[in-house]
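**Student:** Can you keep this structure in mind? I'll have questions shortly.
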Amino acid sequence: MSPRIERVRHPPLYAALHAACFDAPWPEETFAQLLALPTTFGLVAAAPAPAGFALVQVAADEAELLAIGVAATRRREGIGRALLAAACAHAKAAGAAALFLDVRADNNAAHALYERAGFAAVGRRPGYYRDAHGVHDAVLMRKALAIS
Ligand SMILES: CC(C)(COP(=O)(O)OP(=O)(O)OC[C@H]1O[C@@H](n2cnc3c(N)ncnc32)[C@H](O)[C@@H]1OP(=O)(O)O)[C@@H](O)C(=O)NCCC(=O)NCCS
Numbered sequence: 056m057s058p059r060i061e062r063v064r065h066p067p068l069y070a071a072l073h074a075a076c077f078d079a080p081w082p083e084e085t086f087a088q089l090l091a092l093p094t095t096f097g098l099v100a101a102a103p104a105p106a107g108f109a110l111v112q113v114a115a116d117e118a119e120l121l122a123i124g125v126a127a128t129r130r131r132e133g134i135g136r137a138l139l140a141a142a143c144a145h146a147k148a149a150g151a152a153a154l155f156l157d158v159r160a161d162n163n164a165a166h167a168l169y170e171r172a173g174f175a176a177v178g179r180r181p182g183y184y185r186d187a188h189g190v191h192d193a194v195l196m197r198k199a200l201a202i203s
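Per the working numbering, numbering of the sequence shown is gapless, rising by one per residue and ending at 203.
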């Protein structure tokens, strides 16, 4: 069954979902600051309880996917695909002609998700991500929203 995707502005919910999706959780304050911006919107997937989220920033005719995640216990159910499609639709409705994102070069699951959704690599940022295991390249990807 498709998840219900809704625009939500509730920083504690994003902080909890982010912690369920990533090894290095972002603090609630980060979400509070981002969601306070008129250029940023967040989406939550309810399936039926909140199971994933996406955060998007729109600037003029370009949008950026700041983060997307599905709780580790709820992956491979189509929730990420639904969130990404909704992020594209909402960004397009907000006036964006393209959606950009950065993804770690070794994140195979995310690469597969993005490629299947029509994103293509348009650049590489060496050493963009740093964690306890070292530095990692980012791949910059883009999808035109006019032809979805
Ligand atoms: C990337 C992520 C959001 C995918 O969410 P998901 O709900 O599991 O993805 P979906 O079930 O919608 O999968 C859609 C398609 O993406 C691809 N895909 C997703 N996970 C995959 C995996 N682990 N391996 C290979 N392909 C994968 C498949 O093509 C899949 O379609 P299929 O199941 O019909 O084969 C999820 O793995 C996640 O939250 N990862 C941790 C956070 C993260 O890395 N976020 C992205 C940062 S840029």
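We put the CB at the ideal spot given by N, CA and C, even for glycine.
(1) By alpha-carbon positions, which one of ALA167, GLY150, MET56, LEU90 ends up nearest to VAL158?
(2) ILE123 bridges to which residues according to DSSP?
(3) Compare the Cα-Cα distances from PRO80 to each of GLY173, PRO66, LEU195, GLU170 and report the closest residue.
(4) Measuring only the C-alpha atoms, how far is ALA106 from LEU139?
(5) Answer yes or no: the CB of ILE123 versus the heavy atoms of ligand 2, is any distance below 7 Å?
(6) Reducing DSSP to helix, strand and coil, say where GLU170 ends up.
(7) Looking only at DSSP bridge pairs, what is GLU117 linked to?
(8) Whole angstroms is fine: what's the gap from LEU89's alpha carbon to PHE155's?
(9) Over what stretch of residues does the beta strand (DSSP E) that includes ARG179 continue unbroken?
(10) Taking DSSP as the reference, what is the three-state secondary structure of THR85?
(11) Could you tell me whether the region 170 to 179 touches the region 70 to 86, where touching means 3 or more Cβ pairs closer than 8 Å?
(12) Which partner residues of MET196 appear in the DSSP bridge assignment?
(13) Would you kindly work out how many angstroms separate the C-alpha atoms of GLU83 and ALA160, rounded to a whole number?
(14) So, under 8 Å CB-CB, VAL111 and LEU120 are touching, yes? Tell me the CB distance rounded to an integer number of Å.
(15) At the level of alpha carbons, what is the spacing between ALA165 and ALA153?
(16) For ALA100, write down the residues that DSSP places opposite it in a beta bridge.
**Tutor:** Looking at the atomic coordinates:
(1) ALA167
(2) ALA109
(3) Distance check between PRO80 and each of GLY173, PRO66, LEU195, GLU170 places PRO66 closest, using alpha-carbon atoms only.
(4) 14 Å
(5) The model on display carries ligand 1 but not ligand 2.
(6) helix
(7) ALA114, ALA153
(8) 17 Å
(9) Counting along the chain, ARG179 sits inside the beta strand (DSSP E) bounded by residues 175 to 186.
(10) helix
(11) no
(12) LEU156, ALA176
(13) 27 Å
(14) 6 Å
(15) 18 Å
(16) ILE60, GLY107
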